[in-house]
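Heads up, the thing below is written out as structure tokens.
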Ligand code: MN
């Protein structure tokens, strides 16, 4: 659904800009954080409909950030997709075992990225819609 808020947690500026541009082009609202700590704080303050999170982040890894989000009633139900260059199958297994709802490999494929976002929002309970 257009207008839903999606939080991008990514330290690489090029990737962050690409994700933001794709999402805004498709009518979503976006928020951004450059490290795990800020990402967690933003998610707690304004729970988004979806979080797209890098794994290798400054200050707090994506794995640790996910653990905190899942332990917090405000963010527990927010779906989180890992967006990472760790494309080895064992890395992928580790990421899914950590409790991420989905996985998208970098470099970002625009078409697949949009499909993954739509599918996740379609099966998640509505959150973070226009207030
Ligand atoms: Mn990174």
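Residue numbers (the working numbering): 792 to 922.
Every residue, glycine too, gets a C-beta built ideally from N, C-alpha and C.
Since this is a predicted model, take the numbers as computed values, not measurements.
Using a threshold of 7 Å, is the CB atom of residue i nearer than that to any non-hydrogen atom of the ligand MN?
i, result
"residue 848", "yes"
"residue 826", "no"
"residue 829", "no"
"residue 882", "no"
"residue 802", "yes"
"residue 845", "yes"
Compute the beta-carbon to beta-carbon distance between residue i and residue j, rounded to the nearest angstrom, for a pair I have assumed lies under 8 Å.
i, j, result
"residue 875", "residue 897", "6 Å"
"residue 833", "residue 798", "6 Å"
"residue 850", "residue 828", "5 Å"
"residue 872", "residue 893", "4 Å"
"residue 835", "residue 863", "6 Å"
Distance check for residue j and residue i, CA to CA, integer angstroms please.
i, j, result
"residue 886", "residue 804", "22 Å"
"residue 837", "residue 880", "33 Å"
"residue 852", "residue 846", "6 Å"
"residue 856", "residue 911", "19 Å"
"residue 900", "residue 831", "26 Å"
"residue 909", "residue 858", "24 Å"
"residue 796", "residue 882", "28 Å"
"residue 918", "residue 884", "Unreliable positioning characterises residue 918 in this predicted model, as indicated by a pLDDT of 49, which lies under 50. A coordinate reading is not provided."
"residue 869", "residue 816", "22 Å"
"residue 854", "residue 841", "16 Å"
Looking only at its chain, what residues have a beta carbon closer than 6 Å to the beta carbon of residue i, apart from the 5 residues adjacent to it on each side?
i, result
"residue 822", "798, 833"
For residue i, which residues from the same chain have a beta carbon less than 7 Å from its beta carbon, with the 5 sequence-adjacent residues on both sides left out?
i, result
"residue 861", "867, 890"
"residue 826", "802, 848, 849, 850, 851"
"residue 811", "799, 821, 823"
Excluding five sequence neighbours on each side, which residues of the same chain lie with their C-beta closer than 8 Å to the C-beta of residue i?
i, result
"residue 806", "845, 874, 897, 899"
Taking only runs of the beta strand (DSSP E) that begin and end inside the segment 796-859, which ones reach a length of at least 3 residues, in chain order?
796-800, 820-824, 841-844
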